[in-house]
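I have placed the structure first, in the form of structure tokens, so that the comments after it can refer back to it.
Residue numbers (full-length UniProt numbering): 1 to 268.
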């Protein structure tokens, strides 16, 4: 199949949890610890975890699956204690730091960078304060976080609103022609985030967690798709074939040329 032509990227949007930092692994470790403390000796399958990614606060599926004797309030309270203990230890994932540095400093026409995360402001702070040099790549006015009052209730990912808001924020300061969605690339790890970026009309670099990738490797036709008349329909196999979505194992594999980004050589 011939791939459609895409214009060079002028804006790049980044999810955070599981894409920039290893917080998804911390979520999993905390979840498993609470389950073990309450008599469940097993892990929540990634088919279920994938449905909860980018949907903060939805913990009922964990309790329903495990059957542990906790209310949602009790479960969340214990989770919060452990999150406060472990989130200050988050680390950048492979390829993150060189990618952001290159986009900012070595691309001939650097794209605008924005952070688009379902993490709420309190969680963002505890996960990132010790990583401030990394997050300085994203100016505060180009961060769209959970509970953003500019986003209507129930219009977070997989709806496109968060990415369209981030694009509008960039365009407020862009001299000359405004950036269009097809000039944007979204970096995501969750299926809901991929759906959101696709519905916004943007290109997607999908870097799923290794366990999620393994579930669907060779079975991409089974990846859940959107079917919302307002936001459009995402069929991931078709979007992979036409080049709108690319799957990477790590951000270390990112190909700048594929997105029209000319990188200047390092000094000899």
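Heads up, the beta-carbon is just placed ideally off N, CA and C, and yes, glycines get one too.
Residue closest to residue i, alpha-carbon to alpha-carbon, out of the options
{"i": "residue 58", "options": "31, 189, 181, 208", "result": "31"}
{"i": "residue 98", "options": "265, 263, 187, 252", "result": "252"}
{"i": "residue 194", "options": "61, 116, 175", "result": "116"}
{"i": "residue 169", "options": "188, 140, 196", "result": "140"}
{"i": "residue 78", "options": "69, 90, 34", "result": "34"}
{"i": "residue 23", "options": "91, 13, 12", "result": "91"}
{"i": "residue 266", "options": "153, 136, 184, 108", "result": "108"}
{"i": "residue 134", "options": "74, 103, 173", "result": "103"}
{"i": "residue 17", "options": "211, 217, 189", "result": "189"}
{"i": "residue 199", "options": "257, 37, 239", "result": "239"}
{"i": "residue 291", "options": "122, 100, 171, 154", "result": "Absent from the structure is residue 291, since the part of the chain shown begins at 1 and ends at 268."}
{"i": "residue 49", "options": "213, 144, 74", "result": "213"}
{"i": "residue 260", "options": "184, 216, 211, 89", "result": "184"}
{"i": "residue 82", "options": "110, 64, 29", "result": "29"}
{"i": "residue 84", "options": "122, 144, 178", "result": "122"}
{"i": "residue 258", "options": "218, 219, 217, 203", "result": "203"}
{"i": "residue 15", "options": "144, 218, 111, 110", "result": "144"}
{"i": "residue 111", "options": "217, 178, 132", "result": "178"}
Beta bridge counterpart(s) of residue i as assigned by DSSP
{"i": "residue 116", "result": "144"}
{"i": "residue 245", "result": "204"}
{"i": "residue 188", "result": "206"}
{"i": "residue 11", "result": "112, 184"}
{"i": "residue 215", "result": "According to DSSP, which records beta bridges pairwise, residue 215 is partnered with nothing at all."}
{"i": "residue 21", "result": "17, 92"}
{"i": "residue 263", "result": "107"}
Test item: CB-CB of residue i and residue j under 8 angstroms
{"i": "residue 120", "j": "residue 95", "result": "no"}
{"i": "residue 86", "j": "residue 151", "result": "no"}
{"i": "residue 187", "j": "residue 19", "result": "yes"}
{"i": "residue 191", "j": "residue 93", "result": "no"}
{"i": "residue 113", "j": "residue 12", "result": "yes"}
{"i": "residue 243", "j": "residue 6", "result": "yes"}
{"i": "residue 160", "j": "residue 130", "result": "no"}
{"i": "residue 69", "j": "residue 38", "result": "yes"}
Rounded distance between the beta-carbons of residue j and residue i, thought under 8 angstroms
{"i": "residue 271", "j": "residue 66", "result": "Residue 271 lies beyond the stretch modelled for the chain, which goes from 1 to 268, so this question has no answer here."}
{"i": "residue 158", "j": "residue 196", "result": "5 angstroms"}
{"i": "residue 61", "j": "residue 51", "result": "7 angstroms"}
{"i": "residue 106", "j": "residue 264", "result": "5 angstroms"}
{"i": "residue 201", "j": "residue 181", "result": "4 angstroms"}
* Say whether the region 123-132 touches the region 155-167, bearing in mind that this needs 3 or more beta-carbon pairs closer than 8 angstroms, one atom from each stretch. => no
* To do: Flag this pair as touching only if the region 247-258 and the region 197-214 have three or more C-beta atom pairs under 8 angstroms; answer yes or no.
  => yes
* Asked: Would you say the region 100-118 touches the region 43-50, given that touching needs at least three Cβ pairs under 8 angstroms?
  -> no
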